[in-house]
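> If you're matching positions, the first sequence starts at 12 in our numbering and goes up one per residue. Glycine included, every Cβ here is placed at the ideal spot set by N, Cα and C.
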Amino acid sequence: MSGKGVRPRLMAIHDGLLAHFGPRGWWPGESPFEVMVGAVLTQHTSWKNVERAISNLKALGLTSPEAIMKAGEPGLLGALKPSGYYNLKAKRLRALCAMALSHGKGGLRPKVLELPLEELRGALLAVKGVGPETADSIALYAAGHPSFVVDAYTRRLLLRHGLMEGDPPYEDIRAWFMEKLPNDAALFNEFHALIVAVGHHFCGPMAPQCGLCPLGSDPHLILS
DNA sequence: GACCAGGCACATC
DNA sequence: GATGTGCATGGT
12 MSGKGVRPRL MAIHDGLLAH FGPRGWWPGE SPFEVMVGAV LTQHTSWKNV
62 ERAISNLKAL GLTSPEAIMK AGEPGLLGAL KPSGYYNLKA KRLRALCAMA
112 LSHGKGGLRP KVLELPLEEL RGALLAVKGV GPETADSIAL YAAGHPSFVV
162 DAYTRRLLLR HGLMEGDPPY EDIRAWFMEK LPNDAALFNE FHALIVAVGH
212 HFCGPMAPQC GLCPLGSDPH LILS
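Shown next as structure tokens:
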């Protein structure tokens, strides 16, 4: 879909969701580094389980890239267990930490986060186990860059509203949002968080029907 | 017991 | 390039 009416429509969706759900306060995390960890651990995993794993890491003092490298893979497995895919995530987490440390330390706010957006994104995407959604989550929520995060709910929202058609690749959807919306990290932050909120509301296990798919139960909210 | 969750890499056709 | 599969726990 093209046309000048798109931005107002997107903003109306954003505003409607904000009015309904309130500010989401994303990302839940005490430091940029904790956001980075959470971004990897939440891959295809509910946030509840990620919280347990993060809590385990904290209890073991594994709260910095250095500590996680020092712990080794086996030293992470137990803590990561509740978040699922723990063998995989131990590797991914360490690969991310190694990359971060290669750009200098920085403790709870690793130096790598100071890179310009596209450089940071490239560095993140070069890490095995960090795909576009994880990279953009880190760029936006840990570094504060205006990088729009696209997830499964975002896709459904666009298709449900007829804003895009077919099965556009991740990069196209991200570029589309970034072209239509003002370049504002705070807006991207809230918008993605609100999309996840409405996704949970309509598509989560509790929802009898999905409001973002053609079976929609309450289109008013997201069509407003 | 089936299905899903704030993905990603890799194999195969 | 499109589609399929492994990775794994915890809630509904």
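#1: Could you tell me which uninterrupted alpha helix (DSSP H) segments, each at least 4 residues in length, are contained entirely in the segment 80-120, listed from first to last along the chain?
#2: Do the segment 127-136 and the segment 94-102 make contact, defined as three or more Cβ pairs closer than 8 angstroms?
#3: Find out if the Cβ-Cβ distance for the pair Ala163, Arg35 is shorter than 8 angstroms.
#4: Please look up how many angstroms separate the CB atoms of Leu135 and Ala150, rounded, as I've assumed it's under 8 angstroms.
#5: Give every residue of the same chain whose Cβ lies closer than 6 angstroms to the Cβ of Glu77, excluding the five residues on either side of it in the sequence, and list them in chain order.
#6: Quick one, are the C-beta atoms of Phe44 and Ser75 less than 8 angstroms apart?
#7: First and last residue of the alpha helix (DSSP H) that includes Phe159?
#8: Using 8 angstroms as the threshold, is the segment 151-159 in touch with the segment 182-189, meaning 3 or more CB pairs across them?
#9: Since Met175 is in the alpha helix (DSSP H), which residue starts that stretch and which ends it?
According to the data block:
#1: 85-91 and 97-113
#2: no
#3: no
#4: 7 angstroms
#5: none
#6: yes
#7: It is not in any alpha helix (DSSP H) - Phe159 carries neither H nor E in the DSSP assignment.
#8: yes
#9: Note, Met175: premise wrong, no alpha helix (DSSP H); not H, not E.
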